[in-house]
Amino acid sequence: GNSVTQMEGPVTLSEEAFLTINCTYTATGYPSLFWYVQYPGEGLQLLLKATKADDKGSNKGFEATYRKETTSFHLEKGSVQVSDSAVYFCALIVDFSGSARQLTFGSGTQLTVLP
Amino acid sequence: ETGVTQTPRHLVMGMTNKKSLKCEQHLGHNAMYWYKQSAKKPLELMFVYNFKEQTENNSVPSRFSPECPNSSHLFLHLHTLQPEDSALYLCASSRTGRNQETQYFGPGTRLLVL
């Protein structure tokens, strides 16, 4: 089956610190990989995605590279801001037939950035 | 604003009440989803609709009843819920087909069952 493992939170950083949130996966087939972010009191927003090996997704200063050899999709940001405080979810989807597919989520990592 | 709206945003109901959650997407997608997000648990997929047909039901209790009258609207009818059903209920939509699978989420309905 498919599964996603994220590093346990919560993560607390000072503003301008470097961020890494680890994500590894197991999948039957060739997945697409996603990072979603959930700000307090809101739903999930797509942060970035990658659909094939060695692709790098990026958005708002966040980056993640699809590493097939290590089955990983770690999220990084060089300098975090207080406004980045949120819960981050790694997810995957495996699409064989083009029909609606089920996203498999990690458990989420709470990030708090202090001024 | 993701193009997916949900109403109400907050709902408090007793265990004998009947209520409905509504989701609407303005993105031209043909697949819609209900997820449940409980504290300290991963997101749980509840139902999937593809072109108005239910294609997935992840062993959800019958006190949750989905309805998808068209590809833009999705409802979740609730009756005789339990306190453990209190959670954030998220709706999402997507296109289908290769490389079209990105799901866009609504803001959720925060449900409290007393």
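Protein chains in written order, with the working numbering: chain A, 1 to 115; chain B, 1 to 114. We put the beta carbon where it would ideally sit given N, CA and C, even for glycine.
C-alpha gap between Gly78 of chain A and Tyr25 of chain A, whole angstroms:
Between the alpha carbons of Gly78 of chain A and Tyr25 of chain A lies a gap of roughly 23 Å.
Counting along the chain, where does the beta strand (DSSP E) carrying Met32 of chain B start and finish?
Run containing Met32 of chain B: 31-37, per the beta strand (DSSP E) assignment.
Interface residues of the stretch 57-72 of chain A facing chain B [CB-CB below 8 Å]:
The residues in question: there are none.
Could you give the DSSP three-state label for Glu63 of chain A: helix, strand or coil?
strand
Gly3 of chain B CB to nearest chain A CB: under 8 Å?
no
Would you say the stretch 20-40 of chain B touches the stretch 57-72 of chain A, given that touching needs at least three Cβ pairs under 8 Å?
no
Would Leu44 of chain A count as contacting chain B if we go by Cβ distances under 8 Å?
yes
For Ser86 of chain B, collect the residues of the same chain with a Cβ closer than 7 Å to its Cβ; drop the 5 residues on either side in sequence, then sort them by chain order.
Leu111, Leu112, Val113
Would you mind reading off the limits of the beta strand (DSSP E) that contains Gly60 of chain B?
In the sequence under discussion, the amino acid at residue 60 of chain B is Val, which differs from the Gly named in the question. The continuous stretches of beta strand (DSSP E) do not include Val60 of chain B, and DSSP gives it neither H nor E.
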